[in-house]
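K.L.:
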Amino acid sequence: MNSILLITSLFGIVLTSLFFFKKFTNTKATLFLGCFYFIISIYTLQTYVVEAGHLNQFSWFFLWPLILYNLIIVPIYFYFEALIEDKFLWKKEYLLLFVPFLLGVVDVGAVYAAPSKVYEDILQGAITDTENRFKAHYWLLTLYQHYLLRHIWQCVFLLVILPKLWAFLNEGATDQLKMTLNKWLMFFWLMLMVMSLMAIAHAVEKWIDFSIFNHFFGLENGSVIVTVLLYLILFAIGVVPIYFPMILYGYPRSRKIPLIKDETTDVGADLKFGLDETEIKEKLELLAQRKLYLKQDFTVTKFARELEMPAHHLSYFIHQYYGISFTTYKNNLRMEHAKYLIDNGFLENNTMEALAEECGFANRSSFSKAFKNLKNLSPSEYILKIQENC
Numbered sequence: 001m002n003s004i005l006l007i008t009s010l011f012g013i014v015l016t017s018l019f020f021f022k023k024f025t026n027t028k029a030t031l032f033l034g035c036f037y038f039i040i041s042i043y044t045l046q047t048y049v050v051e052a053g054h055l056n057q058f059s060w061f062f063l064w065p066l067i068l069y070n071l072i073i074v075p076i077y078f079y080f081e082a083l084i085e086d087k088f089l090w091k092k093e094y095l096l097l098f099v100p101f102l103l104g105v106v107d108v109g110a111v112y113a114a115p116s117k118v119y120e121d122i123l124q125g126a127i128t129d130t131e132n133r134f135k136a137h138y139w140l141l142t143l144y145q146h147y148l149l150r151h152i153w154q155c156v157f158l159l160v161i162l163p164k165l166w167a168f169l170n171e172g173a174t175d176q177l178k179m180t181l182n183k184w185l186m187f188f189w190l191m192l193m194v195m196s197l198m199a200i201a202h203a204v205e206k207w208i209d210f211s212i213f214n215h216f217f218g219l220e221n222g223s224v225i226v227t228v229l230l231y232l233i234l235f236a237i238g239v240v241p242i243y244f245p246m247i248l249y250g251y252p253r254s255r256k257i258p259l260i261k262d263e264t265t266d267v268g269a270d271l272k273f274g275l276d277e278t279e280i281k282e283k284l285e286l287l288a289q290r291k292l293y294l295k296q297d298f299t300v301t302k303f304a305r306e307l308e309m310p311a312h313h314l315s316y317f318i319h320q321y322y323g324i325s326f327t328t329y330k331n332n333l334r335m336e337h338a339k340y341l342i343d344n345g346f347l348e349n350n351t352m353e354a355l356a357e358e359c360g361f362a363n364r365s366s367f368s369k370a371f372k373n374l375k376n377l378s379p380s381e382y383i384l385k386i387q388e389n390c
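Under UniProt numbering, the first residue of the sequence shown carries the number 1, and numbering increases by one thereafter.
(1) Could you tell me the alpha carbon to alpha carbon distance between Tyr382 and Lys302, rounded to whole angstroms?
(2) Buried or exposed, going by whether 16 or more other CB atoms sit within 10 Å of the CB of Gly53?
(3) Alpha carbon to alpha carbon, how far is Ala236 from Trp64? Give it in angstroms, no decimals.
(4) Buried or exposed: which applies to Asn350, given that a residue is buried once 16 or more other Cβ atoms fall within 10 Å of its Cβ?
(5) Does the distance from the CB of Val49 to the CB of Ala126 come in under 8 Å?
(6) Report the rounded CA-to-CA distance for Thr264 versus Asn331, giving the unit in angstroms.
(7) Could you check where the alpha helix (DSSP H) with Gly104 kicks off and where it finishes?
(8) Start and end of the alpha helix (DSSP H) containing Cys35?
(9) In its own chain, which residues sit with a C-beta less than 8 Å from the C-beta of Asp343, not counting the 5 before and 5 after it?
(10) Just how far apart, CA to CA, sit Ser368 and Leu15?
(11) Could you pull the DSSP bridge partners for Thr142 from this structure?
(12) Which value, in whole angstroms, describes the spacing of the CA atoms of Phe88 and Phe157?
(13) So, using beta-carbon positions, are Gln154 and Ile242 closer together than 8 Å?
(14) By the three-class DSSP mapping on this structure, what secondary structure does Pro379 have?
(15) Rank Leu377, Thr27 and Phe19 by C-alpha distance to the C-alpha of Phe38 and give the top, closest one.
(16) Buried or exposed: residue 400, going by 16 or more other Cβ atoms within 10 Å of its Cβ?
(17) In terms of residues, what are the limits of the alpha helix (DSSP H) holding Phe80?
(18) Classify Gln124: buried if its beta carbon has 16 or more other beta carbons within 10 angstroms, exposed otherwise.
(19) Tell whether a beta-carbon distance below 8 Å holds between Tyr138 and Lys206.
(20) Assuming Ile318 is part of the alpha helix (DSSP H), what are its boundary residues?
(21) Is it the case that the segment 160-171 contacts the segment 127-135, given that we only count it when at least three CB pairs across the two stretches are under 8 Å?
(22) With 8 Å as the threshold, decide whether the Cβ of Trp64 is near any Cβ in chain D.
(23) Quick one: give me the first and last residue of the alpha helix (DSSP H) that Phe11 is part of.
(24) Over what stretch of residues does the alpha helix (DSSP H) that includes Asn331 continue unbroken?
(25) Looking only at C-alpha atoms, which of Tyr329, Ile42 and Val105 sits nearest to Tyr288?
(26) Output the distance between the C-alpha atoms of Thr130 and Tyr43, rounded to the nearest integer angstrom.
(27) Taking only three categories from DSSP, how would you classify Leu232?
(28) Could you tell me the distance, in whole angstroms, from the CA atom of Ser380 to the CA atom of Glu357?
(29) Would you mind working out which of Leu141, His319 and Leu333 sits nearest Phe298, comparing C-alpha positions?
(30) Alpha carbon to alpha carbon, how far is Glu171 from Met335?
(31) Thinking Gln320 and Ala362 are a contact (beta carbons under 8 Å), I'd like their distance in whole angstroms, please.
(32) Roughly how many whole angstroms lie between the Cα atoms of residue 433 and Val111?
(33) With distances taken between CB atoms, is the gap from Ile247 to Trp184 smaller than 8 Å?
(34) So the candidates are Leu66, Gln46 and Ile67; which of them puts its Cα closest to the Cα of Gln57?
(35) Going by beta-carbon coordinates alone, are Val194 and Ile152 separated by less than 8 Å?
(36) Assuming Leu149 and Leu103 form a contact by the criterion Cβ under 8 Å, report the distance between their Cβ atoms to the nearest whole angstrom.
As C-alpha cells, then:
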C-alpha cells in the first residue's frame with residue numbers, strides 16, 4: 001500500500017504543477033482544481049511518510065498539515081461554482097465551508113501553544129503506533145473527529161452543489177464537447193461522493209471500534225481495502241484530465257457578435273462562456289494585428305497553438321461568439337485587408353493574382369470566390385463601384 005501512496009502523491013504533484021503553471025483559458029476553475037490536487041498530494045505524501053515509518057526522520061512534517069486537509073471541500077466546491085457560473089464571486093455563505101478549517105486552526109494552535117511535551121507525546125504516539133495516531137486528542141477534537149468532520153462537510157456540500165450541477169449538465173447536452181465535459185463532471189462528483197462516504201464509514205468504525213465492513217460485508221481486512229480504494233479513486237480522478245485535457249478549458253457559451261460592424265447583430269439569449277472570454281478576445285485581436293491570417297498555411301491548428309488552447313475550442317469560440325466558422329472568420333479578415341489594399345491603389349501597379357497572393361490565397365480563382373461570397377461583389381465589380389463613387 002505504501003507504493004500506492006507514494007505514486008499517488010508524486011502523480012498529484014505533477015498534476016498540481018500542470019494546473020498551476022500551464023496556461024489554460026478557464027483559469028479560475030483550473031486553479032481551484034489544482035489546489036484540490038495539491039492538498040491531496042500533501043495528504044498522501046504525509047500518509048506515506050507515517051505509514052512507511054519515516055516520521056522520525058521527517059518529524060517537521062506532522063500536525064500542521066491538518067489545517068490544510070480540512071480545507072479540502074473549499075477548492076472542490078469553488079471548482080464547480082467557477083465552472084458552472086463562468087466566474088467566481090465571493091459570497092458570505094461560503095464561510096460555512098471553512099468550519100473544519102477553523103476547528104483545525106484552533107486545535108493545531110492549541111497543541112503548539114501547549115508545553116512541548118504535549119506535542120512530543122502526540123508525535124511519539126504516531127511514530128510508535130501509526131494505526132492509533134487518529135485517537136490522539138488535540139484540544140477540541142481528536143484526529144479521527146477531524147477526519148470524520150471534513151468528509152461529512154465534503155458529502156454535505158457535494159449534495160448542496162448537485163442541483164446547480166444537474167442543471168448545467170442538461171444545458172447543451174447534445175453537443176460533443178459538452179458531452180465530454182459532462183462525463184468528467186459526473187465522474188468527478190461521483191468519485192468524490194464515494195470517497196467521502198467510504199471515509200466517513202472508515203472513520204466511524206475506527207472511532208467506535210466496530211468493523212462496519214467486516215460486519216456487513218464480511219471483509220476481515222476492510223480497513224486496508226477501503227484505504228486502498230480511496231487512493232485508487234484519487235489516482236483515477238487524476239488520470240482523466242491527462243487523457244482528456246479539453247475538460248480543463250471549460251465549455252464555450254457566449255452571445256453571438258458579428259465580426260463585421262455593418263452586419264446585423266444577433267441579440268439573442270445572453271449566454272455565458274466557459275472559457276476566459278476576455279483573454280481569448282484580446283489574443284485574437286493581437287494576432288489579427290500581426291496579420292498571421294495572410295499566410296497561406298494559416299490553419300485553425302496553428303492559430304490555436306498561438307493562443308495556447310485546443311483547436312476545437314478555438315473553432316467553437318469563434319462559432320459561438322461571432323456566429324461564423326473559422327474559415328469565414330479568416331476570410332473576413334483577409335477581405336478587409338484586400339479592401340484596404342484596393343482602396344489604396346494596390347492594383348494600379350499590381351495584378352489581381354498578386355493581390356490574391358498578398359491576401360493569403362493560393363490563386364486568383366479562390367480569392368475571387370471568397371471575395372464575392374463575403375461582399376456579394378466580385379473584386380472587379382467592387383473596383384467599378386469605387387470608380388463610380390469617385
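Note that the Cβ used here is the ideal one computed from N, Cα and C, for glycine as well. All figures in this text were calculated on a predicted structure; none of them were measured in a lab.
P.N.:
Result, derived from the coordinates:
(1) Going from the Cα of Tyr382 to the Cα of Lys302 covers about 32 Å.
(2) By the neighbour-count rule (16 or more Cβ atoms within 10 Å), Gly53 is not buried but exposed.
(3) Put simply, the backbone Cα of Trp64 is about 27 Å away from that of Ala236.
(4) Exposed: under 16 other Cβ atoms inside 10 Å.
(5) No, Cβ-Cβ distance for Val49 and Ala126 is not below 8 Å.
(6) Because the pLDDT at Thr264 is just 37, under 50, the model does not fix this residue reliably, and the value given afterwards should be weighed accordingly. Roughly 18 Å separates the two Cα atoms.
(7) From DSSP, the alpha helix (DSSP H) with Gly104 extends over Val99 to Ala113.
(8) Its alpha helix (DSSP H) spans residues Thr27 to Glu51.
(9) Excluding positions up to five away in sequence, the list reads Ile386.
(10) Going from the Cα of Ser368 to the Cα of Leu15 covers about 49 Å.
(11) Answer is His137, bridged to Thr142.
(12) Spanning the two alpha carbons is a distance of roughly 17 Å.
(13) Judged by their CB atoms, Gln154 and Ile242 are not nearer to each other than the 8 Å cut-off.
(14) Assignment of Pro379 by DSSP, reduced to helix, strand and coil, places it in the helix class.
(15) Of the listed residues, the one whose Cα sits closest to Phe38 is Phe19.
(16) The chain is shown from 1 up to 390; residue 400 falls before or after that span and cannot be answered.
(17) Counting along the chain, Phe80 sits inside the alpha helix (DSSP H) bounded by residues Ile73 to Glu85.
(18) Exposed, by the Cβ-count rule.
(19) No, they are not a contact pair.
(20) That run of the alpha helix (DSSP H) goes Ala311 to Tyr322.
(21) Result no; under three Cβ-Cβ pairs closer than 8 Å.
(22) Judged by its chain identifiers, the structure shown contains no chain D, having just a single protein chain.
(23) Taken as a continuous stretch (DSSP letters only), the alpha helix (DSSP H) holding Phe11 covers Asn2 to Phe21.
(24) Element bounds for Asn331: Phe326 to Asp343.
(25) Looking at the sequence itself, residue 288 is Ala, so the reference to Tyr does not match. Measuring from the Cα of Ala288, the nearest candidate turns out to be Tyr329.
(26) Using only the alpha carbons, I get a separation of about 15 Å.
(27) Here Leu232 sits in helix by DSSP.
(28) For Ser380 and Glu357, the distance between alpha carbons rounds to 16 Å.
(29) Here the closest residue by C-alpha is Leu333.
(30) Looking at the two C-alpha atoms, the distance is approximately 36 Å.
(31) The distance from the Cβ of Gln320 to that of Ala362 is about 29 Å, inconsistent with a contact at the 8 Å cut-off.
(32) Residue numbering for the chain in the displayed model covers 1 to 390; residue 433 lies beyond these limits and cannot be assessed.
(33) A Cβ-Cβ contact shorter than 8 Å links Ile247 with Trp184.
(34) That would be Gln46, whose Cα lies nearest to the Cα of Gln57.
(35) In this structure, Ile152 does not lie closer than 8 Å to Val194 by Cβ.
(36) Correct: roughly 7 Å between the Cβ atoms.
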